[in-house]
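Residue numbers (my numbering), protein chains in the order written: chain S, 1 to 280; chain V, 1001 to 1223.
All C-beta atoms in this analysis are idealised placements derived from N, C-alpha and C, irrespective of residue type, glycine included.
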Amino acid sequence: MYLTIDNIQKSFVNDRKENVKVLDGINLNVKKGSFVSIVGPSGCGKSTLLYLVAGLDKADSGEIRVDGDLVSKPGPERVVVFQEAGLFPWLTVLENVIYGLNLKKMPKEEAKAKALDVLKMVHLSKYVNSYPHELSGGMKQRVSIARALVMEPDILLMDEPFSALDEQTRMVLHKELLEIWRKTKVTIFFITHNIREAVLLSEEVVVFATRPGRIKEIISVPTMKDGVTPDSVTLNTEQRILSILQEEIEKVLKEEIGDDYSFKTDHLHRGDSGDMGSHI
Amino acid sequence: MFPSLTQVLDTLFNGLVSGQITLAIGKSMGRILLGFTIAIVVGLILGYFIWRYKLVEDTLGFVVTALQSIPSIVWFPLAIIWFGLNDFSILFIVTIGATWTMTVNATSGFKNVPQLYQRVAKVYGSSGFHFLRTVILPASVPQIISGLRIAWAFSWRALMAGELLGGGGGLGQLLEMGRSLGQMDLVISVMIIIAIIGTIVDNVVFSRLERNVEVKWGIRKRA
Ligand SMILES: Nc1ncnc2c1ncn2[C@@H]1O[C@H](COP(=O)(O)OP(=O)(O)OP(=O)(O)O)[C@@H](O)[C@H]1O
Ligand SMILES: [Mg+2]
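Here's what the structure looks like:
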């Protein structure tokens, strides 16, 4: 296995100074070159896990290894694409993309040539000298992907990279990301809220349970040899994931809104039996 | 006893040509540039330590906030005791008022650097001085510029007050000289110069700097 996540535990201290367990015994193996998605209810610890893999944070216990090496700090072989592009507004598109290469001490000319190549791959050659504020949301996210790809990472960590974009832009970027993945053979670890997106893009979907975050089920997405999967198969997979998630979402809503919430009927009902507030 | 407008303009023109006023402008500007530069450097360094170390924040950070509320000229008696009634004392009060303001603004600029930028930089392997130079400092630029603007206003006022009382050959002293000679036209000429310089620096230098950054960052649209 290429990326191994072994029995990870992680807690945070909340505002009331209580210890809250966020990740409880996460075990996951990811093959080199695969595309794995993580779905789960809000707050179940998906980003936390991704930051641990990125080396931005430390686990309480457990190990994460990439190709056998223990992850202890960020490294250029594991780069993150965040939900918001996070481009530096004081740098041009080109300078943003070169940022990581400068840190790798790559010669200036070589770095520039490389950055231009990658920007071409994400169709932004015309905007190399623009500043981030001159770009649309989708273009910004492309730059952020280019900034990650130019590092030639082994693992691309993506934390809901497309969730702030409109539907059309997202569709285009899905296609581009799949092309990039096939071309570069990079391993992709992809977090999303969108089940359809997860099924459409990835080979494996990891479904998270919440409070504390655990892996509930891992579902492999069937793909046909020619790469085109019939809608019926995709839909089926989506349905399966949804039904697994439903239970978890219900659990969250019950905690947040109260026992009177029913996900299935999708409205708040005040039954006679509902003794309101007693659970508080 | 008001001098006529022509008399004032005449004095102003002659003062500029003869070098009397021009020299005083040079002296004052030189002094404020030096003091201001020191204030910026010291302010950024203190701001860094307050931002970086909790202990410094709880101690020095608190003191700086208190010191910031003292008008610069209040430091003058102390400066005279320490350094004597000379150039250095004037430079001291020009610097000190601006320093606290710069410190406070630098600290809040550093503190408000979005977590996202910091995470991005760390992902790409930035740390230590590189992190400071390529992320924390540039991301704080808007706040630092507004600090510069306030600091300048403090320095400029302190400079005039200091020169008025402590001499040193600048515009403030020229003003005082005009008064003692009963030369009202000179007094008003110098006041005009002081107003012009103050306006130019604030509205041209700092405003433009602020606007350039805001346009470049997309906070403000190009007019
Ligand atoms: N630095 C932190 N300090 C305290 N609590 C934190 C910290 N980071 C995350 N948490 C808590 O840990 C839990 C998991 O957060 P995380 O961001 O990993 O969730 P997520 O699954 O990514 O959610 P979302 O889908 O909304 O992005 C949340 O309850 C959050 O409040
Ligand atoms: Mg998240």
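Who are the Cβ neighbours of S/Ser130 in its own chain at under 7 Å, not counting the five residues just before and after it?
Thr92 and Val93
Shorter than 8 Å from the beta carbon of V/Leu1116 to some beta carbon of chain S?
yes
Leaving out the 5 sequence neighbours to the left and right, which residues in its chain are closer than 6 Å to S/Met158 when beta-carbon positions are compared?
Val81 and Phe190
What residues match up with S/Glu204 in a beta bridge as DSSP calls it?
S/Val36 and S/Ser220
Within 8 Å, do at least three Cβ pairs link the stretch 102 to 110 of chain S to the stretch 1113 to 1131 of chain V?
yes
Against chain V: residues of the stretch 126 to 158 of chain S by CB proximity under 9 Å:
Tyr131, Pro132, His133, Glu134, Ser144, Arg147, Ala148, Met151 and Leu157
Specify the secondary structure class of S/Arg211 as computed by DSSP and reduced to three states.
coil
Does DSSP put S/Gln246 in a helix, a strand or coil?
helix
Buried or exposed: where does V/Phe1062 fall if 16 or more other Cβ atoms within 10 Å of its Cβ makes it buried?
exposed
At least one CB of chain S closer than 8 Å to the CB of V/Tyr1053: is that the case?
no
Pull up the DSSP beta-bridge partners for S/Phe190, would you.
S/Ser37 and S/Met158
Of the choices S/Tyr127, S/Ala85, S/Glu203 and S/Gln246, whose alpha-carbon is the least far from that of S/Arg182?
S/Glu203
Rounded to a whole number of angstroms, what is the C-alpha to C-alpha distance between V/Leu1132 and S/Pro41?
36 Å
Tell me the start and end of each unbroken alpha helix (DSSP H) in the stretch 1020 to 1053 of chain V that is at least 4 residues and wholly inside, in chain order.
1020 to 1052
Comparing the CB of S/Asn7 with every heavy atom of ligand 1, is any distance shorter than 7 Å?
no
Closer than 5 Å from C-beta to any heavy atom of ligand 1: which residues, in chain order?
S/Phe12, S/Val22, S/Ser42, S/Gly43, S/Cys44, S/Gly45, S/Lys46, S/Ser47 and S/Thr48
Is the beta carbon of V/Gly1170 less than 8 Å from the beta carbon of V/Lys1027?
yes
Roughly how many whole angstroms lie between the Cα atoms of S/Val206 and S/Leu149?
24 Å
Just to confirm my understanding: we take S/Glu160, look at its own chain, exclude 5 residues before and 5 after, and list those with CB closer than 7 Å. What are they?
Gln83, Ile191, Thr192 and His193
Looking only at C-alpha atoms, which of S/Ser72, S/Arg65 and S/Gly68 sits nearest to S/Asp57?
S/Ser72
Mind pulling the chain V residues with CB within less than 7 Å of S/Tyr99?
Tyr1124
Under the three-state reduction of DSSP, which class applies to S/Phe12: helix, strand or coil?
strand
Run through DSSP, which three-state label would S/Ile6 get?
Checking the sequence shown, residue 6 of chain S turns out to be Asp, not Ile. If DSSP states are grouped into helix, strand and coil, S/Asp6 belongs with the strands.
Shorter than 7 Å, the distance from the beta carbon of S/Val57 to the closest heavy atom of ligand 2, or not?
Reading the sequence as shown, one finds Asp at residue 57 of chain S and not Val. Incorrect: S/Asp57 has no Cβ contact closer than 7 Å to ligand 2.
Cut-off 7 Å between Cβ atoms - residues of its own chain near V/Thr1065, not counting five sequence neighbours on either side
Val1104
Going straight from the alpha carbon of S/Phe12 to that of S/Glu18, what length do you get?
8 Å
Output the distance between the C-alpha atoms of S/Leu165 and S/Gly137, rounded to the nearest integer angstrom.
7 Å
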